[in-house]
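Numbering (our numbering), first residue to last: 17 to 306. These notes are about the structure you will find just below.
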């Protein structure tokens, strides 16, 4: 067994003695230790059946390791009784790329056919973590937190692909008021914009101007007290038309239009039309909330 020095402040793990058991006549051992690049490179060479490596998944694991968020959680590197490996390739590759060691279990001696049963269950989600924290409407809160984090913390267009649940969870813990916004809008009209999107924007806009945010979001959702030549009237028409359109607007355009309309309201500027050039010679940066 290769146990390497932990280089990333993840908490030292010391192996005392492997747990040895038997499945029929076959011995199975369970070990715990800190495994680094040397182990990971050898493990990757022994993998015989696995899914193609997903770079986005590897990047997420790299971020978790480098940020010191990777924890011993019962996941394991697994070997069958022939010494072949399966599963854990993304984690092993992340170890190689970071040059760090992480705490993890290693199981040896599994039935070779058992590898077909790995990862057949439902994947744990951010909403599950929030539910364990006692957060009501955890699905809506998770979606709102993910978008709010993307818009407030990340620069550029709010892509979710390389965002980890851990970093969004940390963001929520620092911004718990977001839960109340998500709960409030989960109970309201859902026809124009998903409630999680409304909640995220309401929270972020309120950080800039609470009174204006309350008015803006109420008018966006209900259409009440909107003048016919206002930016909100134009925005609502775009959103209403999008409901029946055969070719729906991509989410990034809807988000950009909402931000542009808000920014105009903040600056007290008129809005004649809503445009967002994502590509082409006139491409523009994703708008930032003012």
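From the three backbone atoms N, C-alpha and C, an ideal C-beta is built for every residue, glycine too.
Rounded C-alpha distance that separates residue i from residue j
| i | j | result |
| --- | --- | --- |
| residue 191 | residue 221 | 14 Å |
| residue 272 | residue 91 | 40 Å |
| residue 292 | residue 280 | 14 Å |
| residue 160 | residue 282 | 22 Å |
| residue 211 | residue 167 | 16 Å |
| residue 302 | residue 35 | 54 Å |
| residue 294 | residue 268 | 9 Å |
| residue 101 | residue 59 | 7 Å |
| residue 219 | residue 68 | 39 Å |
| residue 193 | residue 178 | 25 Å |
| residue 134 | residue 77 | 19 Å |
| residue 23 | residue 198 | Note that residue 23 has pLDDT 42, beneath the 50 cutoff, so the model's placement of it is unreliable and the number below is only indicative. Roughly 40 Å between the two C-alpha positions. |
| residue 17 | residue 189 | Summary for residue 17: the model assigns pLDDT 43, below 50, so the residue's position carries little reliability; its value from the coordinates is reported in the next sentence. Answer to the nearest angstrom: the Cα atoms are 38 Å apart. |
| residue 249 | residue 216 | 21 Å |
| residue 237 | residue 290 | 18 Å |
| residue 356 | residue 203 | No answer is possible for residue 356: the residues shown for the chain start at 17 and end at 306. |
| residue 169 | residue 253 | 30 Å |
Proximity to residue i [Cα-Cα], best of the options
| i | options | result |
| --- | --- | --- |
| residue 276 | 294, 306, 92 | 306 |
| residue 54 | 113, 94, 92 | 113 |
| residue 278 | 253, 254, 304, 119 | 304 |
| residue 115 | 121, 107, 233 | 107 |
| residue 87 | 133, 247, 121, 255 | 121 |
| residue 72 | 180, 63, 165 | 180 |
| residue 233 | 245, 259, 200, 260 | 200 |
| residue 260 | 299, 208, 300, 250 | 208 |
| residue 79 | 101, 60, 111, 235 | 111 |
| residue 43 | 95, 75, 51 | 95 |
| residue 157 | 235, 139, 214 | 214 |
| residue 140 | 247, 182, 198 | 182 |
| residue 74 | 105, 300, 245, 98 | 105 |
| residue 57 | 48, 50, 70, 109 | 109 |
| residue 187 | 164, 254, 247, 248 | 164 |
| residue 130 | 162, 97, 184 | 97 |
| residue 49 | 117, 61, 62 | 117 |
| residue 185 | 195, 198, 142 | 142 |
| residue 51 | 274, 235, 236, 119 | 119 |
Span of the beta strand (DSSP E) around residue i
| i | result |
| --- | --- |
| residue 39 | 35-39 |
| residue 193 | Looking at the DSSP string, residue 193 is not in any beta strand (DSSP E), and its letter there is neither H nor E. |
| residue 44 | 42-51 |
| residue 125 | 118-126 |
DSSP three-state assignment for residue i, whether helix, strand or coil
| i | result |
| --- | --- |
| residue 94 | strand |
| residue 282 | helix |
| residue 101 | strand |
| residue 21 | Because the pLDDT at residue 21 is just 41, under 50, the model does not fix this residue reliably, and the value given afterwards should be weighed accordingly. In the structure shown, residue 21 sits in coil (DSSP, three-state: anything other than H, G, I, E or B). |
| residue 169 | coil |
| residue 308 | For the chain, the structure presents residues 17 to 306; residue 308 sits outside this window and is missing. |
| residue 151 | coil |
| residue 111 | helix |
| residue 63 | strand |
| residue 27 | Here the model assigns residue 27 a pLDDT of 49, short of 50, so the residue's position is not dependable, and the following value carries that caveat. It is coil, neither helix nor strand. |
| residue 141 | coil |
| residue 132 | helix |
| residue 294 | coil |
Residue range of the unbroken alpha helix (DSSP H) whose run includes residue i
| i | result |
| --- | --- |
| residue 235 | 226-238 |
| residue 252 | 247-260 |
| residue 88 | Segment: none, residue 88 is in no alpha helix (DSSP H) and carries neither H nor E. |
| residue 76 | 71-82 |
Exercise. Should the region 116-127 be regarded as contacting the region 36-45, the criterion being three or more beta carbon pairs within less than 8 Å?
Worked result: The region 116-127 vs the region 36-45: in contact.
For this session: Please determine if the region 142-155 and the region 83-98 are in contact, where contact requires at least 3 C-beta pairs separated by less than 8 Å.
Result: Here the region 142-155 makes no contact with the region 83-98; the two share fewer than three CB pairs at distances below 8 Å.
Exercise. Between the region 256-265 and the region 285-296, are three or more C-beta pairs nearer than 8 Å?
Worked result: With the cut-off at 8 Å, the region 256-265 and the region 285-296 do not touch.
For this session: Mind the definition here: the region 240-249 touches the region 222-230 only if three or more C-beta pairs lie below 8 Å; say whether that holds.
Result: As far as the Cβ criterion goes, the region 240-249 does not touch the region 222-230, which means the pair count is below three.
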